[in-house]
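Below you'll find the structure, written out as structure tokens, and then a few comments.
Protein chains: 2
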Amino acid sequence: MAAAPVWSVDPRTGKQREQVAVEASAEEVDQAVRAAHAARGALADRTVRAAFLRSAADWLDGAKDRLVEAADAETALGPTRLIGELARTCYQLRAFADIVAEGEYLGVIINHPDATATPPIPDLRRYKVPLGVIAVYSASNFPFAFSVAGGDTASALAAGCPVVVKAHPDHPALSELVAALLRSAAAEHGIPEGVVGLVHGFDAGVELVSHPLVAGAGFTGSVRGGRALFDAAAARPTPIPFHGELGSLNPVVVTEAAAAERAEQIGAGLAGSMTMGVGQFCVKPGLVLAPEGAAGDRLVKALTDAVSNTEAGVLLDHRMRENFIAGVAERAALPDVEAPVTPGNGGEHTVAAGFLTVPATRLAASGAHDLLLEECFGPVTVLARYADDAEATAVLSRLPGNLTATVHLSADEAAGEGHGPALIAEVTPLAGRVLVDGWPTGVAVAPAQHHGGPYPATTSTSTSVGGTAIERWLRPVAYQGVPEALLPPELRDDNPLGLPRRFNGRLER
Amino acid sequence: MAAAPVWSVDPRTGKQREQVAVEASAEEVDQAVRAAHAARGALADRTVRAAFLRSAADWLDGAKDRLVEAADAETALGPTRLIGELARTCYQLRAFADIVAEGEYLGVIINHPDATATPPIPDLRRYKVPLGVIAVYSASNFPFAFSVAGGDTASALAAGCPVVVKAHPDHPALSELVAALLRSAAAEHGIPEGVVGLVHGFDAGVELVSHPLVAGAGFTGSVRGGRALFDAAAARPTPIPFHGELGSLNPVVVTEAAAAERAEQIGAGLAGSMTMGVGQFCVKPGLVLAPEGAAGDRLVKALTDAVSNTEAGVLLDHRMRENFIAGVAERAALPDVEAPVTPGNGGEHTVAAGFLTVPATRLAASGAHDLLLEECFGPVTVLARYADDAEATAVLSRLPGNLTATVHLSADEAAGEGHGPALIAEVTPLAGRVLVDGWPTGVAVAPAQHHGGPYPATTSTSTSVGGTAIERWLRPVAYQGVPEALLPPELRDDNPLGLPRRFNGRLER
Numbered sequence: 000m001a002a003a004p005v006w007s008v009d010p011r012t013g014k015q016r017e018q019v020a021v022e023a024s025a026e027e028v029d030q031a032v033r034a035a036h037a038a039r040g041a042l043a044d045r046t047v048r049a050a051f052l053r054s055a056a057d058w059l060d061g062a063k064d065r066l067v068e069a070a071d072a073e074t075a076l077g078p079t080r081l082i083g084e085l086a087r088t089c090y091q092l093r094a095f096a097d098i099v100a101e102g103e104y105l106g107v108i109i110n111h112p113d114a115t116a117t118p119p120i121p122d123l124r125r126y127k128v129p130l131g132v133i134a135v136y137s138a139s140n141f142p143f144a145f146s147v148a149g150g151d152t153a154s155a156l157a158a159g160c161p162v163v164v165k166a167h168p169d170h171p172a173l174s175e176l177v178a179a180l181l182r183s184a185a186a187e188h189g190i191p192e193g194v195v196g197l198v199h200g201f202d203a204g205v206e207l208v209s210h211p212l213v214a215g216a217g218f219t220g221s222v223r224g225g226r227a228l229f230d231a232a233a234a235r236p237t238p239i240p241f242h243g244e245l246g247s248l249n250p251v252v253v254t255e256a257a258a259a260e261r262a263e264q265i266g267a268g269l270a271g272s273m274t275m276g277v278g279q280f281c282v283k284p285g286l287v288l289a290p291e292g293a294a295g296d297r298l299v300k301a302l303t304d305a306v307s308n309t310e311a312g313v314l315l316d317h318r319m320r321e322n323f324i325a326g327v328a329e330r331a332a333l334p335d336v337e338a339p340v341t342p343g344n345g346g347e348h349t350v351a352a353g354f355l356t357v358p359a360t361r362l363a364a365s366g367a368h369d370l371l372l373e374e375c376f377g378p379v380t381v382l383a384r385y386a387d388d389a390e391a392t393a394v395l396s397r398l399p400g401n402l403t404a405t406v407h408l409s410a411d412e413a414a415g416e417g418h419g420p421a422l423i424a425e426v427t428p429l430a431g432r433v434l435v436d437g438w439p440t441g442v443a444v445a446p447a448q449h450h451g452g453p454y455p456a457t458t459s460t461s462t463s464v465g466g467t468a469i470e471r472w473l474r475p476v477a478y479q480g481v482p483e484a485l486l487p488p489e490l491r492d493d494n495p496l497g498l499p500r501r502f503n504g505r506l507e508r
Numbered sequence: 000m001a002a003a004p005v006w007s008v009d010p011r012t013g014k015q016r017e018q019v020a021v022e023a024s025a026e027e028v029d030q031a032v033r034a035a036h037a038a039r040g041a042l043a044d045r046t047v048r049a050a051f052l053r054s055a056a057d058w059l060d061g062a063k064d065r066l067v068e069a070a071d072a073e074t075a076l077g078p079t080r081l082i083g084e085l086a087r088t089c090y091q092l093r094a095f096a097d098i099v100a101e102g103e104y105l106g107v108i109i110n111h112p113d114a115t116a117t118p119p120i121p122d123l124r125r126y127k128v129p130l131g132v133i134a135v136y137s138a139s140n141f142p143f144a145f146s147v148a149g150g151d152t153a154s155a156l157a158a159g160c161p162v163v164v165k166a167h168p169d170h171p172a173l174s175e176l177v178a179a180l181l182r183s184a185a186a187e188h189g190i191p192e193g194v195v196g197l198v199h200g201f202d203a204g205v206e207l208v209s210h211p212l213v214a215g216a217g218f219t220g221s222v223r224g225g226r227a228l229f230d231a232a233a234a235r236p237t238p239i240p241f242h243g244e245l246g247s248l249n250p251v252v253v254t255e256a257a258a259a260e261r262a263e264q265i266g267a268g269l270a271g272s273m274t275m276g277v278g279q280f281c282v283k284p285g286l287v288l289a290p291e292g293a294a295g296d297r298l299v300k301a302l303t304d305a306v307s308n309t310e311a312g313v314l315l316d317h318r319m320r321e322n323f324i325a326g327v328a329e330r331a332a333l334p335d336v337e338a339p340v341t342p343g344n345g346g347e348h349t350v351a352a353g354f355l356t357v358p359a360t361r362l363a364a365s366g367a368h369d370l371l372l373e374e375c376f377g378p379v380t381v382l383a384r385y386a387d388d389a390e391a392t393a394v395l396s397r398l399p400g401n402l403t404a405t406v407h408l409s410a411d412e413a414a415g416e417g418h419g420p421a422l423i424a425e426v427t428p429l430a431g432r433v434l435v436d437g438w439p440t441g442v443a444v445a446p447a448q449h450h451g452g453p454y455p456a457t458t459s460t461s462t463s464v465g466g467t468a469i470e471r472w473l474r475p476v477a478y479q480g481v482p483e484a485l486l487p488p489e490l491r492d493d494n495p496l497g498l499p500r501r502f503n504g505r506l507e508r
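Keeping their order, the protein sequence lines are chains A and B.
FYI, the numbering for the first sequence is 0 to 508, going by numbering that gives the first Met the number 0.
FYI, the numbering for the second sequence is 0 to 508, going by numbering that gives the first Met the number 0.
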């Protein structure tokens, strides 16, 4: 049987552009994993790794025009957004180079012997070592930042782990291009090209997560696909960590007082956030608790005005477009659901942004309206109008885990009066990131970032953005009674590498 | 149907001592979990939590005589060992109180806005919050240190998580006693007694890991039982982290030069380690790679002398005794396996320590001898005699993950000559703790400790002993643009709690 072709498709027309590759066979997946495994040693040196990450950013920067053109041809996300996303991706690679160079992530802890402890403490020295080959499942919606050179790859390489990337079928040509650039960067530092493997095809992805030499996986995508791979990772004879970002509703609560103070500003901000990138963000606000009454009506009016003025957009692929059109139609048909601006078909290859409203009481108990509590990928959001705090709380209590939760407060509430503290306490259990008076779209790359949340937002307690994402690909090892001559330099008393560490209980920085 | 009785049994006679309780029904498990969940708020304050942990240690200390007597009656581990284990357990509770008070485990990271970053960084502040109710599955072999008040419970409470403990059936009366003492300590600080739940029964354990309000689990026990619970945790509609310690062979490599230098010392040390606690340690050395030839023969002789002089011992229960007797018999019957000291039946209620030898070549490829690479709980070890380094390496390459790996080196090798560095590099991928010239039994409670390892040693990359065990029960949350008045005090600029943190990139200690 001939291998299935992998086509690059233009989402603006639905037409095939070129054949990029063929889907990887089980043997080809095995070869890619073995090649990655063989490259581990070349990543062992932290100085080399940091330099490799910087070179990778340089190679991507250097190919900017070609990359943005290739990405736009396959995703229709447009040059402005893609230039920004590429810059973010390069920034992230360099940020991880800094993290590798600093070495705090190694978690060095040294205890000299202590005979007075119970039981006595021998000479113990602990740090973290790389897990091994990491499988990376690319997302469709961030062809740079959550794809071949994205956060999972950057953090895995930073940890010292080679990767095999399962390319997203929505941008296979770009994936090949980016992988080639990463390999060019690797070659500059004597690292074999197998350090970044790339495979295409659904079956190849399933094969990858089951490969005995794969030691962990990162995933960004749908609940359905992510859960299937999570289950496969857990069912292996030797289970592996599966760090998956699966889906998120990203609730927003607008208090009565906030709406009274600035309904127009909130409505316009919401319109911008929910339609950004044609609504194809994992942190798109998908459910907004807005008050009934005059202030809430002003918010609806502002949102209506702004969303009505949003141009129809092209989604990442035609299947998504069909799912969006069907999904919003099914939601709009529910009892008591209205569509001040109707989302759906925007023309032959496009979708129109819109939003729905529903009384919050409809979401307070299980039923057909539960569909409104499921993520709908694309430019739509749901406003649940609540009459009082109890109604809002009832809806919040029914939500699954989220990447983000946002509250919009009045000036007094933000200063700690009225609802402020209670609302923060109420939404913190729901999400990995809590925002006040902002919008969740736009995920900063920063040490304090956390991009993750209770299931199904993520399948683990880890983050896929920000410096601590490196922790996912490491495991601790303790050395007991190991003579100085045999210790890794990271664990020697005289600290030749100048690492931050905990030394006999004291934090040394 | 009447609930099944839970009996306390004397392992020295196999006779029932008293009925302690009945097995918990699904409703009773639900009640225990709900009571634990309701106690979360009372654990929220770090000062209260630290004081509670210290009180718990005080209550256990205060009941020392009663506890040791109760533990000995159900485990036959003897007062010396049990007094030491209780002291270790109290030390661990106090060590976690110190960790809670210091607060570095919170992982506080603060980023002020940075408009120059790509994309710009808003005000972001991140720390870790407790997961929720933790299910703790007690081990049989450490009735204090890995049971009701053991490392899982101590680290979960330290993190701010209430626990529901599934009692081990080998010491149900002790479990009730310890739980009552922990509740007395809780009451001193106004914490509801539900903060430490206790349930008995196999079915109750299965029910527990599936309960929607259980947010994580810690387990110490067998591969079979642990894997079944791990699978159940992964199969939940909302999967939860399952930190299980399942089994470990704990390989030891003795170099030719080390044996030549001190075969007698190594043989005697090995005998002490493998028979300690009647071989019922998860870190018992279960496979020893020893050289062929005169030096190796001296080691066998020393081991023979020491093990022959070991008194027969009582195992934790009669099922274990039967498994041990059958397990060693099956291993001893394999071709080319010899028993210089025959392990097995030691009398009506006891077992005799012993050890087996086998040519290393028998373990170099898959076959019937693979049984020798499986953990055998009790006072037995296997010496694999190797002719050259290649044979030793061939065996090491076939081993599953381990809690520990130990190498015994000559003085020159320990100084970095000959095999030393290569051997350390060879065993590090196999284990969570690497020892030189020591024995793995005796797991110190220390910040640098790591008690975990590649599967099946553990089902995660975490540790169940040492300060970093607290990390298992936390998840990060980031606050974006949250006004000072609404921020948790842990995340305020002026650092009112004096926490170690990363502030705008700088490590502050």
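Built from N, CA and C at the ideal position, the CB exists for glycine as well.
Remember, it's a predicted structure, so these values are computed and weren't measured experimentally.
Quiz prompt | Continuous alpha helix (DSSP H) stretch holding Q279/A: start and end | solution = Secondary structure note for Q279/A: it is in no alpha helix (DSSP H), with a DSSP letter that is neither H nor E.
Quiz item: Which residues does DSSP pair with W6/A in a beta bridge?
Solution: Paired residues: Q18/A.
Quiz item: Anyone know if the C-beta pair for G285/A and T360/A falls short of 7 Å?
Solution: Cβ atoms of G285/A and T360/A: not closer than 7 Å.
Practice problem: Mind checking who I133/A pairs with in its DSSP beta bridge? | Solution: DSSP lists V162/A and G215/A as partners of I133/A.
Quiz item: Who are the Cβ neighbours of D60/A in its own chain at under 7 Å, not counting the five residues just before and after it?
Solution: If we look at D60/A and ignore the five residues flanking it on each side, its Cβ neighbours are C89.
Practice problem: Can you pull the chain A residues whose beta carbon is under 9 Å from the beta carbon of L59/B, in chain order? | Solution: Residues of chain A passing the Cβ test: none, with the nearest at roughly 13 Å.
Quiz item: For V327/B, does the three-state DSSP call read helix, strand or coil?
Solution: Secondary structure of V327/B (DSSP, three-state): helix.
Practice problem: Report the neighbours of N110/B on chain A: residues whose CB is nearer than 7 Å to its CB, in chain order. | Solution: Per Cβ cutoff of 7 Å: A445, P446 and A447.
Self-check item: Between the CA atoms of A37/A and D64/B - distance to the nearest angstrom
Solution: Taking the straight line joining both Cα atoms gives about 57 Å.
Quiz item: Would a C-beta distance cut-off of 7 Å place P475/B and K127/B closer than the cut-off?
Solution: Taking 7 Å as the cut-off, the beta carbon of P475/B is found closer than this to the beta carbon of K127/B.
Exercise. Take the Cβ of D169/A as the centre, count every other Cβ of all protein chains shown within 10 Å, and call the residue buried at 16 or more, exposed below.
Key: Buried: at least 16 other Cβ atoms inside 10 Å.
Practice problem: Return the Cβ separation of A256/A and S463/A in integer angstroms, given the expectation that the two are a contact with Cβ distance under 8 Å. | Solution: Not really, about 35 Å apart at Cβ, beyond 8 Å.
Quiz item: Under 7 Å, do N249/B and P439/B count as touching if we go by C-beta distance?
Solution: Their beta carbons are under 7 Å apart, which means N249/B touches P439/B by this criterion.
Quiz item: Mind checking if G441/B is an interface residue toward chain A, Cβ cutoff 7 Å exclusive?
Solution: So yes, G441/B belongs to the interface.
Self-check item: For I108/B, the three-state DSSP class (helix, strand or coil)
Solution: In the displayed model, I108/B falls within a strand according to three-state DSSP.
Practice problem: Using a Cβ cut-off of 7 Å (strictly closer), state whether Q479/A contacts chain B. | Solution: True, the Cβ-Cβ gap to chain B drops below 7 Å.
Quiz item: With C-beta atoms as the reference, is H418/B less than 7 Å away from T254/B?
Solution: Yes, the pair counts as a contact, with Cβ atoms nearer than the cut-off.
Practice problem: Please report the Cβ distance between L156/B and A178/B, rounded to the nearest whole angstrom; I am assuming they are in contact, meaning their Cβ atoms lie under 8 Å. | Solution: Incorrect: roughly 13 Å between the Cβ atoms, too far for contact.
Quiz item: How about V21/B and A2/B: do their beta carbons lie closer than 7 Å?
Solution: Cβ atoms of V21/B and A2/B: closer than 7 Å.
Exercise. With DSSP as the reference, please indicate the residues paired to H407/A in a beta bridge.
Key: Partner(s): V253/A.
Quiz item: Given a threshold of 16 other Cβ atoms within 10 Å of its Cβ, counted over all protein chains shown, does Q448/B qualify as buried or as exposed?
Solution: Within 10 angstroms of the beta-carbon of Q448/B lie 16 or more other beta-carbons, which makes it buried.
Practice problem: In angstroms with no decimal places, state the Cα-to-Cα distance between V299/A and L498/B. | Solution: Distance between V299/A and L498/B, taken at the CA atoms: about 44 Å.
Quiz prompt | Residue range of the alpha helix (DSSP H) that includes T74/A | solution = Taken as a continuous stretch (DSSP letters only), the alpha helix (DSSP H) holding T74/A covers K63 to T74.
Quiz prompt | Where the region 12-26 of chain A meets chain B: residues whose CB sits under 8 Å from a CB there | solution = None of the residues of the region 12-26 of chain A has a beta carbon lying less than 8 Å from any beta carbon of chain B.
Quiz item: F201/A: buried (16+ other C-beta within 10 angstroms of its C-beta) or exposed?
Solution: Exposed, because fewer than 16 other Cβ atoms sit within 10 Å of the Cβ of F201/A.
Quiz item: What does L288/A reach in chain B if we use C-beta pairs closer than 7 Å?
Solution: Result: empty, since nearest Cβ-Cβ is about 18 Å, beyond 7 Å.
Practice problem: Could you confirm whether any beta carbon from chain B is found closer than 7 Å to the beta carbon of I349/A? | Solution: Correcting the residue type first, residue 349/A is Thr in the shown sequence and not Ile. So no, T349/A is outside the interface.
Quiz item: Under the three-state reduction of DSSP, which class applies to T440/A: helix, strand or coil?
Solution: DSSP, read as helix, strand or coil, puts T440/A in coil.
Quiz item: Around the C-beta of K283/A, are 16 or more other C-beta atoms found within 10 angstroms, so that it is buried, or is it exposed?
Solution: Buried, since its Cβ has 16 or more Cβ neighbours within 10 Å.
Exercise. Output the distance between the C-alpha atoms of T524/A and E412/A, rounded to the nearest integer angstrom.
Key: Beyond the ends of chain A as shown, which are 0 and 508, falls residue 524/A; an answer cannot be given.
Quiz prompt | Contact check, T458/B vs F229/B, beta carbons under 7 Å | solution = Contact: yes.
Quiz item: When you check each C-beta in the region 125-140 of chain B against every C-beta of chain A, which residues fall closer than 8 Å?
Solution: Answer in chain order: R125, V128 and L130.
Quiz item: When Cβ atoms are compared, which residues of the region 413-436 of chain B fall closer than 7 Å to chain A?
Solution: Under the 7 Å Cβ criterion, the region 413-436 of chain B contributes A413, A414, G415, G419, P420, I423, T427, G431, R432, V433, L434, V435 and D436.
Exercise. Answer yes or no: does any C-beta atom of chain B fall closer than 7 Å to that of T392/A?
Key: No, T392/A does not count as interfacial toward chain B.
Practice problem: Can you check DSSP and say which residues form a bridge with H242/A? | Solution: Note: H242/A is bridge-paired with G217/A in the DSSP secondary-structure output.
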